[in-house]
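Novice: Residue numbers (UniProt numbering): 1 to 286. Ideal Cβ placement from N, Cα and C applies to all residues, glycine included. Please find one structure pasted underneath; my questions will follow.
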């Protein structure tokens with residue numbers, strides 16, 4: 001398997017929460033994940049808080065931003081894991097053709113990998129896409145304004161207790177009449193919210209657009225959740241396309257097994273420690 005990786009020059013990587021656990025970032029669905037964390041009786045489940053409906057009420061808004069602030073604090077002090085370093089290394093040596101992550105912690109950004117925004121705007125390397133957004137960023141609900149989350153913004157959310165007006169949207173028309181501009185919100189894709197640019201994801205998760213890759217690494221995600229249905233289909237299609245290359249290979253690295261429908265497309269399944277495997281890969285390609 002390591003020899004296969006060493007021979008590959010056009011690699012695509014898809015990651016999930018499993019790659020950040022070693023950095024102290026909890027995943028969402030495991031036994032000790034965010035959704036299973038002990039809460040006081042009557043407290044809402046974090047999954048319910050991370051829903052688009054939370055933007056519709058003052059109470060929901062406060063619960064949402066309180067949770068996101070906690071996640072932001074954890075993400076900004078988290079160190080890179082071996083897996084993050086391995087991905088960055090593959091990018092630096094020119095072997096990475098596409099990187100798609102389901103994670104919202106933004107750890108990759110601190111390694112210098114600037115993502116393409118969910119709106120399709122090219123902010124940096126346009127083959128890195130955060131599929132569910134990032135806790136590190138705020139955006140306008142209407143215009144293209146975007147700014148990093150800071151303690152100052154957290155204070156505004158606490159003090160206002162309602163939506164904060166977008167600083168870039170006009171609040172008054174040229175005739176002096178008040179107009180309804182956008183409001184500041186998290187960039188994180190919430191449950192019940194349509195993807196802001198699904199076509200962008202589909203167009204980038206494409207065999208030709210990715211430079212006809214010869215290796216797909218699926219790391220730290222089981223792809224077993226209902227929200228992964230469309231992504232699972234894209235993975236299947238990409239896996240079939242990779243077979244067009246004589247040395248094409250698909251490697252699945254995760255503690256949980258992949259969906260049965262995906263098993264037939266996978267050449268290697270690694271259930272060991274992700275950090276150990278990532279270190280071995282770095283040693284192999286260095």
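Could you check what DSSP says for residue 18 in three-state terms: helix, strand or coil?
Specialist: Within the chain shown, residue 18 is the residue found at index 18, counting from 1. In the structure shown, residue 18 sits in a helix (DSSP, three-state: H, G or I).
Novice: Cα-Cα, which of 205, 107 and 261 is closest to residue 100?
Specialist: In the chain shown, residue 100 corresponds to position 100, counting from 1. For residue 100, the nearest C-alpha among the options comes from 205.
Novice: Using the three-state DSSP reduction, which class does residue 280 fall into: helix, strand or coil?
Specialist: By one-based count along the chain shown, residue 280 stands at place 280. DSSP places residue 280 in helix when its eight states are reduced to three.
Novice: Excluding five sequence neighbours on each side, which residues of the same chain lie with their C-beta closer than 7 Å to the C-beta of residue 267?
Specialist: On the chain shown, position 267 is the one that residue 267 refers to. Hits under 7 Å: 249, 250 and 251.
Novice: Under 8 Å, with one C-beta from each stretch per pair, do the stretch 86 to 99 and the stretch 141 to 151 reach the 3-pair mark?
Specialist: No contact exists between the stretch 86 to 99 and the stretch 141 to 151.
Novice: Identify which residue in 269, 189 and 230 has its Cα closest to the Cα of residue 49.
Specialist: The residue given as residue 49 occupies position 49 in the chain shown. The shortest C-alpha separation from residue 49 is found at 189.
Novice: Output yes or no for whether 8 Å exceeds the beta carbon distance between residue 232 and residue 207.
Specialist: Counting from 1 along the chain shown, the entry for residue 232 is found at position 232. Counting from 1 along the chain shown, the entry for residue 207 is found at position 207. Not a contact, by the Cβ cut-off of 8 Å.
Novice: Quick one: is residue 13 buried, meaning 16 or more other Cβ sit within 10 Å of its Cβ, or exposed?
Specialist: For this step, residue 13 is matched to residue 13 along the chain shown. Burial call: buried.
Novice: Can you say whether residue 191 is buried or exposed, counting buried as having 16 or more other CB atoms within 10 angstroms of its CB?
Specialist: Along the chain shown, one-based indexing puts residue 191 at 191. Residue 191 comes out exposed.
Novice: How would you label residue 75, buried or exposed, when you count the other beta carbons within 10 angstroms and need 16 or more for buried?
Specialist: One-based indexing of the chain shown puts residue 75 at position 75. Its Cβ being crowded by 16 or more others within 10 Å, residue 75 is buried.
Novice: To which residues of the same chain is residue 121 closer than 7 Å at the C-beta, ignoring the five residues directly before and after it?
Specialist: The residue given as residue 121 occupies position 121 in the chain shown. Per-residue confidence for residue 121 stands at a pLDDT of 48, beneath the threshold of 50, marking its modelled position as unreliable; no derived number is given.
Novice: What residue from 26, 137, 214 and 19 has the CA that sits closest to residue 6's CA?
Specialist: Position 6 of the chain shown, counted from the start, is the residue given in the question as residue 6. Ranking 26, 137, 214 and 19 by Cα distance to residue 6 puts 214 first.
Novice: Determine the burial state of residue 59: buried for a count of at least 16 other Cβ atoms within 10 Å of its Cβ, exposed for fewer.
Specialist: Here residue 59 corresponds to residue number 59 of the chain shown, with the count starting at 1. Per the 10 Å Cβ criterion, exposed.
Novice: How do the stretch 275 to 282 and the stretch 75 to 88 stand: do at least 3 beta-carbon pairs fall below 8 Å, yes or no?
Specialist: Verdict: yes, contact present.
Novice: Which of the three DSSP states is assigned to residue 51 in this structure?
Specialist: For the purposes of this step, residue 51 is taken as residue 51 along the chain shown, with counting starting at 1. Strand.
Novice: Tell me the start and end of each unbroken alpha helix (DSSP H) in the stretch 104 to 173 that is at least 4 residues and wholly inside, in chain order.
Specialist: Whole alpha helix (DSSP H) segments, 4+ residues: 151 to 160.
Novice: Using CA atoms only, rank isn't needed, just tell me which of 132, 104 and 87 is closest to residue 112.
Specialist: Working through the chain shown from its first residue, we reach residue 112 at position 112. The shortest C-alpha separation from residue 112 is found at 87.
Novice: Please state the DSSP three-state secondary structure of residue 65.
Specialist: As a position in the chain shown, residue 65 is number 65, starting the count at 1. Note: residue 65 maps to helix in three-state DSSP.
Novice: Quick one: what's got a C-beta closer than 7 Å to residue 181's C-beta in the same chain, skipping five residues either side?
Specialist: The residue labelled residue 181 in the question sits at position 181 within the chain shown. If we look at residue 181 and ignore the five residues flanking it on each side, its Cβ neighbours are 142, 165, 166, 169, 170 and 171.
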